[in-house]
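When the letters of the sequence shown are read in order and numbered with the working numbering, they come out as residues 87 to 512. As structure tokens, the structure follows; a few thoughts come after it.
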Amino acid sequence: MNGVGMLSTRRALAAVVSAVTLLTASACGSADEDAGATKVEVFTWWAEGGEKAGLDALVGRFTTDCPGHEFENGVVAGGAGVNAKQVLGARIEQNDPPDTFQVHAGAELADYIAAGRVQDLSGEYDSWGLRQAFPQGLIDDLTVAGKIYSVPSNVHRANVVWANSQVLSDAGIVRTPKTLDAFLKDLATLRRAGVESPLALGRDWTQLMLLESVLISGLGPKRFAGLFTGDTKWQSRAVRDALADYAQLISFSNPDRDALDWPQAEQLLIDGRAGYQLMGDWLAADLAAKNFRAYESFTFPGTDGVFQWLADSFVLPAGATNAEGTRCWLKTVASAEGQREFNIRKGSIPARTDVTGDGFSAYQVAAMKDWESDTPVPSCAHGSACSQDWQNALNAALGAFSTAPEKNVTALQNALAATAAQYVKG
Ligand code: GAL
Numbered sequence: 087m088n089g090v091g092m093l094s095t096r097r098a099l100a101a102v103v104s105a106v107t108l109l110t111a112s113a114c115g116s117a118d119e120d121a122g123a124t125k126v127e128v129f130t131w132w133a134e135g136g137e138k139a140g141l142d143a144l145v146g147r148f149t150t151d152c153p154g155h156e157f158e159n160g161v162v163a164g165g166a167g168v169n170a171k172q173v174l175g176a177r178i179e180q181n182d183p184p185d186t187f188q189v190h191a192g193a194e195l196a197d198y199i200a201a202g203r204v205q206d207l208s209g210e211y212d213s214w215g216l217r218q219a220f221p222q223g224l225i226d227d228l229t230v231a232g233k234i235y236s237v238p239s240n241v242h243r244a245n246v247v248w249a250n251s252q253v254l255s256d257a258g259i260v261r262t263p264k265t266l267d268a269f270l271k272d273l274a275t276l277r278r279a280g281v282e283s284p285l286a287l288g289r290d291w292t293q294l295m296l297l298e299s300v301l302i303s304g305l306g307p308k309r310f311a312g313l314f315t316g317d318t319k320w321q322s323r324a325v326r327d328a329l330a331d332y333a334q335l336i337s338f339s340n341p342d343r344d345a346l347d348w349p350q351a352e353q354l355l356i357d358g359r360a361g362y363q364l365m366g367d368w369l370a371a372d373l374a375a376k377n378f379r380a381y382e383s384f385t386f387p388g389t390d391g392v393f394q395w396l397a398d399s400f401v402l403p404a405g406a407t408n409a410e411g412t413r414c415w416l417k418t419v420a421s422a423e424g425q426r427e428f429n430i431r432k433g434s435i436p437a438r439t440d441v442t443g444d445g446f447s448a449y450q451v452a453a454m455k456d457w458e459s460d461t462p463v464p465s466c467a468h469g470s471a472c473s474q475d476w477q478n479a480l481n482a483a484l485g486a487f488s489t490a491p492e493k494n495v496t497a498l499q500n501a502l503a504a505t506a507a508q509y510v511k512g
């Protein structure tokens, strides 16, 4: 049966017996394969700027390394995949997955594994030598019940503050803040100097990133990571203090934050209407793509020596039409040359350990060193620490806090604790 015919049969079946959709999907996964297919639909949210530049570089390698296969761009724009993930979810429900999709390594990926939506790549890991190529910690994070289901393309760092150097020097700020209190003072200095909203901030998930950095700063890496495993309580004095700091921080941010994605918040920084932005290091690539160089960056105050990591990875979905072409895409993503060309443009660092810093920016070379020596902690906003449902719930709680006229820290803490009680495993 060809792919289309099989698809409509399966759709009809799914409508009748939705309870067994999952089983149907995995059982029929390979039946959807089309030996003659040449297109490989690659589903990401890398639509513009530095992100697109990274994707384009991977596509260039794929075109060279995988003759007979053709890249098809299944991009859905929107930072952190907020829109893409919804489209992807619907397509998977309808048993119409792309040939491969971007998913964060860690808890977010585990959801797809548990649902039988992605295929085991352990054999590819062995034949492509990937167990030796990636650091053991990452291999551990990717392994579920002894199997590995995705190929990481990179490692991004989340706990980074980017600053407009001109704005800072105009206000006489010459020292990098080492503590949250010092940072709050600098924000107040900028406001007194006429920068009304000195901290550029965007919608819900960017707020979650900011909160996570504040929590790492207040609790330290171990207790922070424990918030997502159940080892650390959300109902504690330390979390409450962090939330009070967070409330202060957002009082320095642009009031239209809930309407902005990260590139629009970044524009406030570029235009000098803000002094700072907390964002992952895809910002470095994007600032370069926008030709803005008058900036500096530092780890969020109080998080020196901590590397909050996230990794984009690619999978072979159950039911991928062009499995052979997808394997070639995954091999390209995994390759040293693919990782070099992609990451140089993406702002991240290679997940592989055997790619040297040649050709990378000074920021990236420093990040490579930090990744080797710092304490790694995962990110919930980008799926390494928590499931998609937990991410969604935290985004909703923070979005509500952001729009509420009165910032009730106790209510926020209760909401976050209730969420953890619902989603923490074990
Ligand atoms: C993250 C993703 C990054 C970058 C960022 C902003 O979730 O891992 O690669 O795309 O979103 O969109």
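Ideal placement from N, C-alpha and C gives every residue a C-beta, glycine not left out. Note that this is a predicted model, so its numbers are computed, not measured.
Spatially closest choice to residue i from the options, by CA coordinates
i, options, result
"Ala123", "His155, Ser434, Ile336", "His155"
"Thr418", "Val237, Val173, Asp212, Gln222", "Val237"
"Asp120", "Phe393, Glu458, Thr412, Asp331", "Thr412"
"Asn245", "Asp460, Cys472, Asn494, Thr496", "Asp460"
"Gly30", "Gln180, Pro462, Pro349, Thr442", "Nothing can be reported for residue 30: it is not among the residues displayed for the chain, which extend from 87 to 512."
"Ala380", "Asn181, Val145, Thr150, Trp248", "Trp248"
"Gly361", "Lys271, Leu301, Gln450", "Lys271"
"Val441", "Gly433, Arg431, Tyr449, Met454", "Met454"
"Ser251", "Ala200, Gln363, Ala268", "Gln363"
"Asp390", "Ala507, Ser303, Asp182", "Ser303"
"Leu254", "Leu273, Asn500, Ala311", "Leu273"
"Gly288", "Gln180, Gly358, Ile336, Ala483", "Ile336"
"Pro284", "Gln293, Phe269, Leu294, Met295", "Phe269"
"Ser339", "Val281, Ile199, Leu329, Glu423", "Val281"
"Ala420", "Arg217, Ala166, Ile178", "Arg217"
"Leu346", "Pro307, Gln293, Gly358", "Gln293"
"Asp344", "Lys138, Ala490, Asp182", "Ala490"
"Gly424", "Val126, Thr315, Thr149", "Thr149"
"Ala200", "Ala257, Leu484, Asn478, Ser473", "Ser473"
Residue range of the beta strand (DSSP E) that includes residue i
i, result
"Trp395", "392-396"
"Phe384", "381-385"
Element boundaries [alpha helix (DSSP H), containing residue i]
i, result
"Thr292", "290-312"
"Val241", "Careful: Val241 lies outside any alpha helix (DSSP H) and carries neither H nor E."
"Ser255", "251-256"
"Gly162", "It should be pointed out that residue 162 corresponds to Val in this sequence rather than to Gly. Where Val162 is concerned, there is no enclosing alpha helix (DSSP H), given that its DSSP letter is neither H nor E."
"Phe187", "Looking at the DSSP string, Phe187 is not in any alpha helix (DSSP H); the run it does join, the beta strand (DSSP E), is 186-190."
"Glu194", "193-200"
"Thr461", "Run containing Thr461: none in the alpha helix (DSSP H); it sits in the beta strand (DSSP E), 461-464."
"Ile225", "222-228"
"Cys414", "409-420"
"Leu210", "One detail in the question is off: residue 210 reads as Glu in this sequence, not Leu. First-last of the alpha helix (DSSP H) with Glu210: 208-213."
"Tyr235", "It is not in any alpha helix (DSSP H) - Tyr235 carries neither H nor E in the DSSP assignment."
"Ala274", "266-278"
"Gly485", "474-489"
"Asn494", "No alpha helix (DSSP H) holds Asn494; DSSP gives it neither H nor E."
"Leu216", "216-219"
Residue j beta carbon less than 8 Å from that of residue i
i, j, result
"Leu266", "Gly136", "no"
"Leu224", "Ala176", "no"
"Ala286", "Leu207", "no"
"Thr186", "Leu416", "yes"
"Asp398", "Gln188", "yes"
"Ala219", "Arg426", "no"
"Glu194", "Ala467", "no"
"Leu480", "Leu498", "no"
"Ala333", "Val495", "yes"
"Ala351", "Lys432", "no"
"Phe428", "Ala143", "yes"
"Phe310", "Val463", "yes"
"Thr262", "Phe384", "yes"
For residue j and residue i, the rounded distance between their alpha carbons
i, j, result
"Asp227", "Leu313", "17 Å"
"Val162", "Trp291", "17 Å"
"Gly140", "Val241", "13 Å"
"Asp456", "Leu305", "20 Å"
"Thr130", "Asn377", "24 Å"
"Asp475", "Ser465", "14 Å"
"Gln222", "Glu458", "12 Å"
"Val204", "Pro403", "4 Å"
"Cys152", "Cys414", "6 Å"
"Arg278", "Tyr509", "42 Å"
"Gly160", "Gly469", "21 Å"
"Ser529", "Asp331", "There is no way to answer for residue 529, as the model of the chain reaches only from 87 to 512."
"Ala486", "Leu174", "25 Å"
"Ser447", "Ile435", "10 Å"
"Gln394", "Leu301", "12 Å"
"Ala482", "Gly209", "39 Å"
"Ala507", "Lys319", "10 Å"
"Phe400", "Ser239", "7 Å"
"Ala471", "Ala452", "24 Å"
Heavy atom of ligand 2 within 7 Å of residue i beta-carbon
i, result
"Glu352", "Among the ligands in the structure shown, ligand 2 does not appear; only ligand 1 can be found there."
Report task. Within the stretch 129-158, note down every full alpha helix (DSSP H) run reaching 4 residues or more, in order along the chain. Result -> 135-151
Requested in this report: Scan the stretch 306-381 and note each continuous beta strand (DSSP E) run of 3 residues or more that stays entirely inside, going in chain order.
Outcome: 362-364
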